[in-house]
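Numbering (this note's numbering), first residue to last: 1010 to 1125.
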């Protein structure tokens, strides 16, 4: 049997932008992507702490150590600059693998989205 588990999580980061006219996705500081093991183009779920909205999109890398978290395209209607969100990706693994699996979860500084 296979199950879906949390693979990666960026817990509580501040949205730095919302660009309705971009074609889609979420731009994430590449340092945050690497630290949380989220890949370019990977499907991610976004949970908005401020308003309870939940959505799915895909990740694209932003400038390293910029703290950038920008929701693009239609997703920009569900967040506002300054909102606090959680970014989650999931993986499918066997129940045997799940017994040993540990997700990559990071807790950036909410003020500037830095890892320090």
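Positions of the beta carbon are idealized from the N, C-alpha and C atoms, including for glycine. For clarity, every value in this text was computed on a predicted model and none was experimentally measured.
* Could you check how far apart the C-beta atoms of residue 1011 and residue 1097 are, in whole angstroms? I think they sit under 8 Å. => Actually they do not touch by this definition, with Cβ atoms about 18 Å apart.
* May I have the straight-line CA-CA distance separating residue 1053 from residue 1080, to the nearest angstrom? => 12 Å
* Would you list the one or two residues that DSSP bridges to residue 1079? => 1026, 1036
* Asked: DSSP three-state call for residue 1104: helix, strand or coil?
  -> helix
* Whole-angstrom distance between residue 1019 and residue 1072, CA atom to CA atom -> 17 Å
* Asked: For the ligand ATP, is there a heavy atom less than 7 Å away from the beta-carbon of residue 1021?
  -> Here there are no bound small molecules, and the ligand ATP is not part of this structure.
* **Three-way DSSP call (helix, strand, coil) for residue 1065 in this model** => strand
* Asked: Does the beta-carbon of residue 1066 have 16 or more other beta-carbons within 10 angstroms, so that it is buried, or is it exposed?
  -> Burial call: buried.
* **CB of residue 1058 within 8 Å of CB of residue 1094, strictly** => Contact check for residue 1058 against residue 1094 passes: the beta carbons are separated by less than 8 Å.
* residue 1021, DSSP secondary structure in three states -> strand
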